[in-house]
Amino acid sequence: MTATPTETTKTPYLQIQGLVKKYGDNYAVDNVDLNIERHEIFALLGSSGSGKSTLLRMLAGMERPSQGKILLDGLDVTYQAPYERPINMMFQSYALFPHMSVEQNIAFGLKQDKMVKGEIDTRVEEMLKLVQMTKFAKRKPHQLSGGQQQRIALARSLAKRPKLLLLDEPLGALDKKLRQQTQLELVNMLEQVGVTCIMVTHDQEEAMTMATRVAIMSDGKLRQVGTPREIYDFPNSRFTAEFIGETNIIAGEVIEDAADYCVIASKELSRPVRLGHGITGPEDQDIWVSLRPEDVNLSRNKPTADFNWEEGKVKEIAYLGSFAIFHVELTSGKIIKSTVASSRWYLADEEPPTWDETVYVSWRDNMPVPLTR
Ligand code: ADP
Ligand code: MG
Numbered sequence: 001m002t003a004t005p006t007e008t009t010k011t012p013y014l015q016i017q018g019l020v021k022k023y024g025d026n027y028a029v030d031n032v033d034l035n036i037e038r039h040e041i042f043a044l045l046g047s048s049g050s051g052k053s054t055l056l057r058m059l060a061g062m063e064r065p066s067q068g069k070i071l072l073d074g075l076d077v078t079y080q081a082p083y084e085r086p087i088n089m090m091f092q093s094y095a096l097f098p099h100m101s102v103e104q105n106i107a108f109g110l111k112q113d114k115m116v117k118g119e120i121d122t123r124v125e126e127m128l129k130l131v132q133m134t135k136f137a138k139r140k141p142h143q144l145s146g147g148q149q150q151r152i153a154l155a156r157s158l159a160k161r162p163k164l165l166l167l168d169e170p171l172g173a174l175d176k177k178l179r180q181q182t183q184l185e186l187v188n189m190l191e192q193v194g195v196t197c198i199m200v201t202h203d204q205e206e207a208m209t210m211a212t213r214v215a216i217m218s219d220g221k222l223r224q225v226g227t228p229r230e231i232y233d234f235p236n237s238r239f240t241a242e243f244i245g246e247t248n249i250i251a252g253e254v255i256e257d258a259a260d261y262c263v264i265a266s267k268e269l270s271r272p273v274r275l276g277h278g279i280t281g282p283e284d285q286d287i288w289v290s291l292r293p294e295d296v297n298l299s300r301n302k303p304t305a306d307f308n309w310e311e312g313k314v315k316e317i318a319y320l321g322s323f324a325i326f327h328v329e330l331t332s333g334k335i336i337k338s339t340v341a342s343s344r345w346y347l348a349d350e351e352p353p354t355w356d357e358t359v360y361v362s363w364r365d366n367m368p369v370p371l372t373r
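In full-length UniProt numbering, the protein residues as written are 1 to 373.
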């Protein structure tokens, strides 16, 4: 049967269905469902032991799933051997062959596939150009810097034009400065060849900078999947809110829930939080709000509103150059963090508040994100 013109649903490029990996009684990967579109750069983000590498290894065919399915471009690859899959994996330790030159390293997989020599040369040249390493073609890996080795490893992974590229902590061996610079270069190169890519990282900045979408993983489960913005602005739980960036979590109870606002009371605050929208869910249920430090205003002037501000004392100041994080202790003992741009004080011709000074924190009613778990 042919598809009708009105049919808009299409099969996702990569489908991961109910994927499980058990080691003994332990679930390293626990029932993961995930669809990835062609050309996506997708990041799996989670702390150590959350199951990221295991998931990636199952995609690469290096680990046999206990349950579930992997479909790539319409084909079931769940039990295919690694070399049968149109998938390539690049490891954190680049594992370049030390006795081979850069060009031999890149050509290795193509030779194994019995590609004809002329084509191999063209492909190697193309790859060297992509990673801007043409003039290093004759060098051995030990004659290259860490960043250069990383690029050669990428060139080697891409040489066979895999349908899916898997990167496990691709920049893990680089120092912080070089990492940040390489993140954007790497994204550029991946976009140039248009390869679909899943990368694993424990570095949230890296995931947020590089990926079109991110999955937050813990205990073998995907906790939230979305664009970096969605995950940051609309966390689905306290776990993700606290995992990504910094936030203030305030525990409370819904005491009023109308169509266009709601009011949340908290023992940690001296007056309620009011949100400029209603929330769905039973009244008097436990609730938390997440309030990002950059959404908390800090001032010496006492607000007059009935909601959304507190008095406190400056307990700590983390000065970070262009901005500072103030830790403000409320009378309940609750600490509220507020991020303030350093320019704020000199623009107002004012000294920044100092330790133990009384200050007021406040926020707009569209800033707190209500969370029910
Ligand atoms: P991550 O890459 O997120 O750090 P892993 O996927 O390496 O996490 O590991 C997830 C969990 O599975 C961990 O608890 C780890 O100890 C366990 N695990 C990983 N590989 C094995 C293995 N070969 N045998 C037993 N347990 C394993
Ligand atoms: Mg790992």
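Where is the CB? At the ideal position from N, CA and C, for every residue including glycine.
In this text, all values refer to a predicted model and were calculated from it rather than measured experimentally.
Local conformation of residue i per DSSP, three classes
| i | result |
| --- | --- |
| A107 | helix |
| L59 | helix |
| I16 | strand |
| L130 | helix |
| F307 | coil |
| N366 | coil |
| W288 | strand |
| V187 | helix |
| A341 | strand |
| K163 | coil |
| V124 | helix |
| K302 | coil |
Exposure of residue i, with buried meaning 16 or more beta-carbon neighbours within 10 Å
| i | result |
| --- | --- |
| E350 | exposed |
| T78 | buried |
| F243 | buried |
| P353 | buried |
| R292 | buried |
| E84 | exposed |
| I231 | buried |
| K10 | exposed |
| A155 | buried |
| D168 | buried |
| T331 | exposed |
Beta-bridge pairing of residue i - partner residues as DSSP gives them
| i | result |
| --- | --- |
| V102 | Looking at the DSSP assignment, V102 forms no beta bridge with any residue, so it has no partner. |
| A265 | E253 |
| D113 | Partner(s): none; D113 has no beta bridge. |
| G312 | L330, V359 |
Residue i vs residue j beta-carbon contact at 8 Å
| i | j | result |
| --- | --- | --- |
| I87 | P12 | no |
| P141 | M90 | no |
| P228 | M199 | no |
| L44 | L59 | no |
| V328 | V369 | no |
| S290 | I255 | no |
| S338 | F323 | no |
Residue i at chain D interface by Cβ criterion, 8 Å
| i | result |
| --- | --- |
| Q143 | Any reference to chain D falls outside this structure, which holds one protein chain only. |
**Prompt:** Any residues whose CB sits closer than 5 Å to a heavy atom of the ligand ADP? List them in chain order?
**Reply:** Listed by chain position, these are Y23, A28, S48, G49, S50, G51, K52, S53, T54.
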